[in-house]
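Visitor: Take my numbering: the final residue in the sequence shown is number 572, and no numbers are missing along the way. We put the beta carbon where it would ideally sit given N, CA and C, even for glycine.
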Amino acid sequence: MASVYLGVDIGTTSAKCMAVSEKGEQVAFAQQAYPLTHPRQGWAEQDTEDYWRALVSVVRECTRTLERDFKPCPSIAALAMSTQGDTLIVTDESGLPLLPAITWMDGRGEAEFDELLSEAGASFWYRETGSPLNALSSACKIRWLQRNVPEIAKSRPRYCYVADYLAKRLCGEFVTDTPSASWTPLFTPSTRRYSEAVLEALGIDRDRLSDAAESGQIIGDIPPEVARELGLRPGTKLVAGAFDQAAAAYGAGASADGTGVLSCGTAWVLYVVSGGEVVDPNERLCTCCHAAPGTTALVLPFSGGSTYDWLNRTVRDAGGEPRAEVDSPIFIPHLYGGLSPDWRAESRGSLIGLTLAHTAGDVRLALMRGLAYETRRNLEAATCTLRSVGQVRRIRMVGGAGKSATWPQIIANVLRLPVEVSECVESACFGAAMLAAGTTEFRTRDEGRTFYPDGPGAEVEDRLYARYLQAYSAMLPLYSSERTNH
């Protein structure tokens, strides 16, 4: 084995590193968690130093594994990153953070969201960024900083995200990747450039932002002092990666031939690649630059693993068996607002239809179904609105939920599509390693499991899905009135 490539995923809850051989085989893996803090209601921050410490830890662990398991130890040729998208890191000119990272989950900019919409209108934001503006967008947080921390805003800081912040630390260059840049509200996917109109609306100079390199492009060499800290050889290449959803979809084989990817992490994301430019006339579906240069994708994020984690923390014995298979309660999983396809920030999580006969297991099953129904809502929005995307014929499921024996079958029944689950669940790392290697050839050869729609089960899900849509429509006026009263 002559060379190895590292794919590093800096996610919302942990850092992971996968070492992949020239044949596409995983030869080492490491993971380290870090915390998410909530200093105020609705805020969600992280210590940027946690990202670096975790990156160093997982890379060093992989290098130690290679040294232990292989004689001679293979050379690590290049590293590429998958990073959480739209997490804002404000730094000085040297790359030193001036504040904790304001994560994509942070909701402090709700008032600024209303303000930005009233100033320019929703169509402006969609036209310029390819996605509807929402209250979690970093544009709202930038406006919040300008208002609430004016001394920092007036110092002409650099507005970075996880990819370019870490690129600066790794090789001294403020460089992001095109998919990551396109997942911010500052960039136009159709032109693959920053939007001058958005920068003007936010009062940001272009030189305060990092240049964007296409995925797979070499950013630079990792210098000797940083290489020693990481356990790498000086001159190891840093290659432009992608934000986590694009990297995961790239690693899982998302393509314009009908393969959609459902990435199941802290948020769930349905990812559909298009061979051409994607424009939603209804201005509600998110688009981005895909990791394959020159391609675009629909990226449809909605509530996901964080809601399931909440249930496990909150409800005792939530893992028990359900009893009311057909008479299931309805669980609308909007615990941090409604994301795609409606972007209703006022929406809230709701549990409807409970009886004394229901158990904690029934609540768990209702939540699993709720996430599957959100997947179907997004798939229907994509296929009905954008004919250019084409028909999705199969779903490839990646992430933690794919390890379940139950969830893929629920999704297959709800979508009435085959659901393929690869044994390589860490597809974001794998996709980043593919980009580091500069190849699309080492897709995992392990086809894993395939779940097909079950006729009677799919009919049950159709009925429950209709009830779910009715419940959601009925609750929206209540959500809206609560927001108005506050």
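Taking ALA208 as the reference, give the member of ALA333, ASN368, LEU324 and LEU550 with the closest Cα.
Guide: That would be ASN368, whose Cα lies nearest to the Cα of ALA208.
Visitor: Exposed or buried, which one is ASN234 when buried takes at least 16 other CB atoms within 10 Å?
Guide: Exposed.
Visitor: Could you give the first and the last residue of the continuous alpha helix (DSSP H) run that contains MET520?
Guide: Its alpha helix (DSSP H) spans residues 513-523.
Visitor: As a quick exercise: from TYR459, LEU397, PHE417 and GLU153, pick the residue whose alpha carbon is nearest that of TRP354.
Guide: TRP354 has its Cα closest to that of TYR459, out of TYR459, LEU397, PHE417 and GLU153.
Visitor: Would you identify the three-state DSSP class for CYS470, choosing helix, strand or coil?
Guide: The answer is helix: DSSP assigns CYS470 an H, G or I state.
Visitor: Which same chain residues end up closer than 7 Å to ARG434 when comparing Cβ atoms and leaving out the 5 residues on each side of it in sequence?
Guide: Result list for ARG434: HIS420 and TYR565, in chain order.
Visitor: Quick one: complete alpha helix (DSSP H) runs, 4+ long, within the segment 212-236?
Guide: Whole alpha helix (DSSP H) segments, 4+ residues: 224-234.
Visitor: Given this structure, state the Cα-to-Cα distance separating ASP548 from GLU466, to the nearest angstrom.
Guide: Approximately 13 Å, taken between the alpha carbons.
Visitor: Going by DSSP, which residues form a beta bridge with ARG537?
Guide: A small correction: the amino acid at residue 537 is Phe; Arg does not occupy that position in the sequence shown. Looking at the DSSP assignment, PHE537 forms a beta bridge with VAL505.
Visitor: Between the Cα of LEU397 and those of SER559, TRP230, LEU457 and HIS376, spot the shortest distance and give me the residue it belongs to.
Guide: For the residues SER559, TRP230, LEU457 and HIS376, the minimum Cα distance to LEU397 belongs to LEU457.
Visitor: Apart from the five residues just before and just after GLY391, which ones in its own chain have a Cβ nearer than 8 Å to its Cβ?
Guide: These residues qualify, in order along the chain: CYS350, GLY351, THR352, ALA353, TRP354, GLY485, GLY486 and ALA487.
Visitor: Please report the residue range of the beta strand (DSSP E) in which GLY327 lies.
Guide: Counting along the chain, the beta strand (DSSP E) containing GLY327 begins and ends at 323-329.
Visitor: Determine, using beta carbons only, whether THR536 and GLU506 come nearer to each other than 8 Å.
Guide: Yes; because the gap between Cβ atoms is below 8 Å, this pair is in contact.
Visitor: For CYS148, which of helix, strand or coil comes out of DSSP?
Guide: In this structure, CYS148 counts as helix in the three-state DSSP scheme.
Visitor: Can you have a look at LEU453 and say buried or exposed, based on whether 16 or more other CB atoms are within 10 angstroms of its CB?
Guide: LEU453 is buried by the Cβ-count criterion.
Visitor: In this structure, does DSSP put TYR247 in helix, strand or coil?
Guide: Strand, per DSSP.
Visitor: How far does the beta strand (DSSP E) with ALA660 in it extend, from its first residue to its last?
Guide: The structure shown does not extend to residue 660, since the chain is modelled only from 87 through 572, so no value can be given for it.
Visitor: When the Cα atoms are used, what is the spatial distance from MET561 to ILE416?
Guide: Rounded to whole angstroms, MET561 to ILE416 spans 12 Å at the Cα level.
Visitor: What first and last residue would you give for the beta strand (DSSP E) that runs through VAL106?
Guide: From DSSP, the beta strand (DSSP E) with VAL106 extends over 100-107.
Visitor: From which residue to which residue does the beta strand (DSSP E) around ARG126 run?
Guide: Run containing ARG126: none; DSSP gives neither H nor E here.
Visitor: If you draw a straight line from the C-alpha of MET483 to the C-alpha of PRO494, how long is it?
Guide: Their Cα atoms are separated by approximately 8 Å.
Visitor: Taking just the CA atoms, how far does VAL90 sit from SER241?
Guide: The straight-line gap from Cα to Cα measures roughly 42 Å.
Visitor: Just the C-alpha distance for VAL325 and ARG450, rounded to the nearest angstrom, thanks.
Guide: For VAL325 and ARG450, the distance between alpha carbons rounds to 41 Å.
Visitor: First and last residue of the alpha helix (DSSP H) that includes THR264?
Guide: It spans 264-268 - the alpha helix (DSSP H) in which THR264 sits, taken as one unbroken run.
Visitor: Quick check: the Cα distance between ALA522 and ALA431, rounded to an integer number of angstroms?
Guide: Near 37 Å, if we compare the C-alpha coordinates of ALA431 and ALA522.
Visitor: Can the beta-carbon of LEU92 be found less than 8 Å from the beta-carbon of VAL145?
Guide: Yes. Within cutoff.
Visitor: Tell whether a beta-carbon distance below 8 Å holds between PRO379 and GLU300.
Guide: Yes, Cβ-Cβ distance for PRO379 and GLU300 is below 8 Å.
Visitor: Mark TYR538 as exposed unless 16 or more other C-beta atoms lie within 10 angstroms of its C-beta, in which case mark it buried.
Guide: That one is exposed.
Visitor: Who pairs with SER276 in a beta bridge, going by DSSP?
Guide: In the DSSP output, where bridge partners are listed per residue, SER276 has none listed.
Visitor: Below 8 Å between beta carbons: does that hold for PRO243 and ALA332?
Guide: Against a cut-off of 8 Å, the Cβ pair of ALA332 and PRO243 comes out as no contact.
Visitor: Among all the DSSP beta bridges, which residues are the ones paired with MET483?
Guide: LEU348 and VAL507.
Visitor: Taking only three categories from DSSP, how would you classify LEU185?
Guide: Note: LEU185 maps to coil in three-state DSSP.
Visitor: DSSP three-state label for SER341, please.
Guide: In the structure shown, SER341 sits in a strand (DSSP, three-state: E or B).
Visitor: Could you work out which residue in THR469, CYS515, THR492 and SER436 is closest to SER559 when comparing CA atoms only?
Guide: Per the Cα distances, SER436.
Visitor: Can you tell me whether ARG229 is buried or exposed? The criterion is at least 16 other CB atoms within 10 Å of its CB, across all chains shown.
Guide: Label assigned to ARG229: buried.
Visitor: Starting from ALA287 and walking both ways along the alpha helix (DSSP H), at which residues does that stretch end?
Guide: Its alpha helix (DSSP H) spans residues 282-288.
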